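Structure first, commentary second.
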């Protein structure tokens, strides 16, 4: 029994995930050890819960979960509507709902549910069916939760649906000419998208393009986070010695801007270690994809991979001024229960695909 | 194949990220290290100069004067500076420390130690800067209201944002900071966003002593927009002199442009005390004063209009056909609704005799209007009152506009859970009972009558071309012009006839048409009203005068109307004649 479990578990995935979680807890501690809220202790609880979820998912099996994906999708939409009507407002956005003492962020759940639904839907149709309606339905499936999340407003999370649906359609086998057409169309739709954005979101983008526009607001955060990361140098200032992040020059430094703390205190070596851990994690997922023959499983794992990858790129990119500031967590590192457990659940699905790779 | 492309793309992405990090952290690391080392980046918010407010002749009602504030960056201030500062500023060390620990918008942002210090102290501190690291003098614009109490209800004043407002508004950091000033009343409040402009700020690099080494980035503040009012401040000032010592309001409208020439309310207050840091005692005095000088009696409160309302009753009776110009009622001084009911009195106990509508307006005969009221339903009267703009908040560019109250049977059922009694219709017909109107509403009503039913929208602000509301079309009320003519003829007689109740307001340079009102306000003295237009033949001005507990409209009201018109003649007379 135990031997079978050992054999069924993808250990490179487990090691990468564990390493990232530990780095996360270390820096949550560093970012908030002055804060009486004890985020580090709470994160340990979340991480433990996440690990349990991670190891439990294979026992349920991804196939069974995929078969109820439409139900999960509908539930996630209901939660998204609910959060709009009765959600908690924090920092000007309505993203959380409370169920008893637990506060959850439905957008995290919606992300997974949408990946599962898209994988299930696209995986059960072949691209040589050449039916445009399939592509259209897939787009609508991604678009509905995306709009709801954008309305919260949570621009960062809603943006993740874009690479998600693009990559899934690409892997499914959408003709290249469609992709080129969509790219052209997308570029021409920029002005329309611009008009949908909220005033402060527009401002963030403008300020990103020209930080001088708002030296007191977003331009300030961008500069300070860049200073934090840059001042880390090669070796960093040492744990708990990051002056920038410790003195609260950078906001949200235990959640969205946690990379600043790492970059400042562990320097380039720490940042490279972090990227290496992510690379190992992504590589493990690619291996799992390569070993399964189930098209739905391939798409499911690839969708999860894409979202994690995009989050890493955007989060680190914004910390060093490569991308505009959007509120996105660094997967497995940033503080947050919903975020961690949903990531663990997603990786649990990957583990389940690995376990069931030999079932034909 | 496609999975391979994805794999290559993703690992390339991670490599690019690693490279970018290398550039930021290793290649440029030492640069960011110096910036970060001693937190050398300071943020200095720069407030935008607030827009000014002018009257129609470009006299400033609200402007800014330079003020010197002593500010300090607490992180840079050394312990031995406190005794020196305390001596220079005449403050206790504890007070200075307390002000320095007030919450600030950014780390290292300067805290204000003392606002609006004298030039002498400012220079002294500047001279001693080497001994006072972290302390500096900031020159800022301080609000100043040169016309003091003349139009304080219109301009209002500004005050420091409170934390709840800041929480709500600070999303837009360019507009609102933690210590920003926001409009609290009047135009300052209504046009706060226009007047305030956009804050700017600079990111500067400083050395260890807190002095600027380099400017990293700067956004210059966008000054607020100026506003021009339609009011003539000198005219208003003279009107304020006329009503000084009384609880009164005077509103004057230019009928050619629908612009308010004056909107005065007494008692008044000096808005400067709300923007001067030292004047807290005076502020408190204004807030506690039982005469409530902060209330704009012209716009923000509503009173029973009394006989002034008979204009509405007359129009309603004529337009519904319940009376004609030749209808007469006999006034014995008493009116019986039914043979058994308690008789109601006319103000003239001996009785006016036979009255038609002209004479009834001229002498303000209650019995005539009781008789008209008896023929009308309360909902008829309410309908015409609302057509003439009563009972609803007026559109006017100022804050706290009182909607007044026009009662009808549905209102009474809803609010008082009682049916409407016919006796109440009688009170309603002579402007008593539940009815409440503000002086500007009465002014608007009179203006509409003066223009034979053309809808008048008074305004206070002159917008530059293309801004503000589009000029409204000259819509008319669906009341016959002939009926307005009848009412206007009655108003003419009020002043020009020797029996008229408003003859004390008569002036010798033209014919005036008006209506007086003496509204009962037991247990105190009655409210005095007078409203009208001038000259009768080609109306140029409309006015409403209200004196709270001022007694008779024909005396207290008429005296002010006459004084106001004479002032107007002195100031504008050449243009009229």
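Residue numbers (the working numbering), protein chains in the order written: chain P, -13 to 346; chain Y, 77 to 653.
All C-beta atoms, glycine included, are put in the ideal place defined by N, C-alpha and C.
Fair warning: this is a prediction, and the values are worked out from it, not measured in the lab.
At least three beta-carbon pairs within less than 8 Å, the region 465 to 485 of chain Y to the region 348 to 362 of chain Y: no
Those residues which DSSP pairs with residue -11 of chain P across a bridge: By 1-based counting over the first chain, the position of residue -11 of chain P is 3. For residue -11 of chain P, which the question treats as bridged, DSSP gives no partner whatsoever.
Spatial distance of residue 149 of chain Y from residue 250 of chain P (CA atoms): Your numbering for residue 149 of chain Y matches position 73 in the second chain. Your numbering for residue 250 of chain P matches position 264 in the first chain. For residue 149 of chain Y and residue 250 of chain P, the distance between alpha carbons rounds to 26 Å.
Alpha helix (DSSP H) runs contained entirely in the region 256 to 306 of chain P, provided each spans 4 or more residues: 281 to 305
Partner residues on chain Y for residue 30 of chain P, Cβ-Cβ distance less than 8 Å: Residue numbering aside, residue 30 of chain P sits at position 44 when the first chain is read from its first letter. Under the 8 Å cutoff, chain Y gives no residues; its nearest Cβ is about 28 Å from residue 30 of chain P.
C-beta neighbour in chain P for residue 86 of chain Y, strict 8 Å: Taking the second chain and counting its residues from 1, the one referred to as residue 86 of chain Y is at position 10. Closer than 8 Å to some Cβ of chain P, the Cβ of residue 86 of chain Y qualifies, so yes.
Euclidean distance between Cα positions of residue 370 of chain Y and residue 345 of chain Y: The sequence position of residue 370 of chain Y within the second chain is 294, counting from 1. The sequence position of residue 345 of chain Y within the second chain is 269, counting from 1. The alpha-carbon atoms of residue 370 of chain Y and residue 345 of chain Y are separated by roughly 7 Å.
Three-way DSSP call (helix, strand, coil) for residue 330 of chain Y in this model: Here residue 330 of chain Y refers to the residue found at position 254 of the second chain. If DSSP states are grouped into helix, strand and coil, residue 330 of chain Y belongs with the strands.
Which residues DSSP lists as bridging residue 141 of chain Y, in chain order: Residue numbering aside, residue 141 of chain Y sits at position 65 when the second chain is read from its first letter. Residue 141 of chain Y is bridged to Y/218.
8 Å Cβ cutoff met for residue 146 of chain P and residue 296 of chain P: Locating residue 146 of chain P in the first chain gives position 160, where the first residue counts as 1. Locating residue 296 of chain P in the first chain gives position 310, where the first residue counts as 1. For residue 146 of chain P and residue 296 of chain P, yes; Cβs fall inside 8 Å.
Pairwise C-alpha distance: residue 118 of chain Y and residue 273 of chain Y: Taking the second chain and counting its residues from 1, one reaches residue 273 of chain Y at position 197. Taking the second chain and counting its residues from 1, one reaches residue 118 of chain Y at position 42. If you take the alpha carbons of residue 273 of chain Y and residue 118 of chain Y, they lie about 23 Å apart.
According to DSSP, residues forming a beta bridge with residue 430 of chain Y: If you number the second chain from 1, residue 430 of chain Y lands on position 354. DSSP output for residue 430 of chain Y lists Y/406 as bridge partner(s).
Residue 496 of chain Y burial status per 10 Å Cβ neighbour count (16 or more: buried): As a working note, residue 496 of chain Y is residue 420 in the second chain. Per the 10 Å Cβ criterion, buried.
Under 7 Å by beta carbon: chain Y residues contacting residue 153 of chain P: Taking the first chain and counting its residues from 1, the one referred to as residue 153 of chain P is at position 167. Simply 82.
Test: residue 108 of chain P CB closer than 8 Å to a CB of chain Y: Here the question's residue 108 of chain P lines up with position 122 in the first chain. Look at residue 108 of chain P: its C-beta is not under 8 Å from any C-beta on chain Y.
Buried versus exposed call for residue 190 of chain Y [16 or more other C-beta atoms within 10 Å across all chains shown]: On the second chain, position 114 is the one that residue 190 of chain Y refers to. Residue 190 of chain Y should be labelled buried.
Beta-carbon proximity of residue 48 of chain P to residue 286 of chain P, cut-off 8 Å: Position 62 of the first chain, counted from the start, is the residue given in the question as residue 48 of chain P. Position 300 of the first chain, counted from the start, is the residue given in the question as residue 286 of chain P. Result yes, Cβ atoms of residue 48 of chain P and residue 286 of chain P sit closer than 8 Å.
Coarse secondary structure for residue 642 of chain Y, derived from DSSP in three states: For the purposes of this step, residue 642 of chain Y is identified with residue 566 of the second chain, where counting begins at 1. For residue 642 of chain Y, the secondary structure class from DSSP, reduced to helix, strand or coil, is helix.
Residue span of the beta strand (DSSP E) that contains residue 276 of chain Y, given as start and end: Counting from 1 along the second chain, the entry for residue 276 of chain Y is found at position 200. Per DSSP, residue 276 of chain Y belongs to the beta strand (DSSP E) from 276 to 282.
Contact with chain Y by residue 162 of chain P, beta-carbon distance below 8 Å: Start at 1 with the first residue of the first chain, and residue 162 of chain P comes out as number 176. When Cβ-Cβ separations below 8 Å define contact, residue 162 of chain P makes no contact with chain Y.
Top-ranked residue by Cα proximity to residue 144 of chain P, from P/189, P/24, P/312 and P/13: Mapped onto the first chain, residue 144 of chain P falls at position 158. Considering only alpha carbons, the answer is P/312.
Boundaries of the beta strand (DSSP E) in which residue 468 of chain Y is found, first to last residue: By 1-based counting over the second chain, the position of residue 468 of chain Y is 392. Careful: residue 468 of chain Y lies outside any beta strand (DSSP E) and carries neither H nor E.
Coarse secondary structure for residue 337 of chain Y, derived from DSSP in three states: The residue you call residue 337 of chain Y lines up with position 261 of the second chain. Residue state, collapsed to three classes: strand.
Neighbourhood of residue 188 of chain Y by C-beta, 6 Å cutoff - its chain only, sequence neighbours within 5 removed: Numbered from its first residue, the second chain carries residue 188 of chain Y at position 112. Same-chain partners within the cutoff: 145 and 147.
Per-residue DSSP class, three states only, for residue 206 of chain Y: Reading the second chain from its first residue, position 130 is the one you call residue 206 of chain Y. Reduced to three states, the DSSP call for residue 206 of chain Y is helix.
Within-8 Å CB hit, residue 104 of chain Y to chain P: The residue labelled residue 104 of chain Y in the question sits at position 28 within the second chain. So, interface residue.
Closer than 8 Å to chain P by CB, residue 272 of chain Y: As a position in the second chain, residue 272 of chain Y is number 196, starting the count at 1. By this cut-off, residue 272 of chain Y is not an interface position.
Alpha-carbon to alpha-carbon, residue 266 of chain Y and residue 304 of chain Y: Taking the first residue of the second chain as position 1, residue 304 of chain Y is located at position 228. Taking the first residue of the second chain as position 1, residue 266 of chain Y is located at position 190. Answer to the nearest angstrom: the Cα atoms are 14 Å apart.
Cross-chain neighbours of residue 302 of chain P in chain Y, by beta carbon under 9 Å: As a working mapping, residue 302 of chain P is identified with position 316 in the first chain. By Cβ distance, chain Y contributes 93, 96 and 97.
Close beta carbons around residue 128 of chain P, own chain, < 8 Å, minus the five adjacent residues each side: The residue given as residue 128 of chain P occupies position 142 in the first chain. These residues qualify, in order along the chain: 100, 104, 147, 150 and 151.
Within chain P, partners of residue 78 of chain Y - CB distance below 8 Å: Taking the second chain and counting its residues from 1, the one referred to as residue 78 of chain Y is at position 2. The contact set of residue 78 of chain Y on chain P, defined by CB atoms closer than 8 Å, consists of 156, 157 and 159 in chain order.
Cutoff 8 Å: residue 279 of chain Y Cβ touching any chain P Cβ: Counting from one through the second chain, the residue named residue 279 of chain Y turns up at place 203. So, interface residue.
Collapsed DSSP secondary structure at residue 189 of chain Y in the structure displayed: Within the second chain, the letter at position 113 stands for residue 189 of chain Y. Note: residue 189 of chain Y maps to strand in three-state DSSP.
CA nearest to the CA of residue 293 of chain Y, picked from Y/278, Y/300, Y/299 and Y/302: Indexing the second chain from 1 puts residue 293 of chain Y at position 217. Checking every option, the nearest Cα to that of residue 293 of chain Y belongs to Y/278.
Cβ-based neighbour list, residue 157 of chain P, same chain, cut-off 8 Å, excluding 5 preceding and 5 following: Walking along the first chain from the start, residue 157 of chain P turns up at place 171. Cβ neighbours of residue 157 of chain P beyond the five flanking positions: 284, 285 and 288.
Endpoints, the alpha helix (DSSP H) within which residue 151 of chain Y is located: The residue you call residue 151 of chain Y lines up with position 75 of the second chain. Unbroken run through residue 151 of chain Y: none, as it is neither H nor E.
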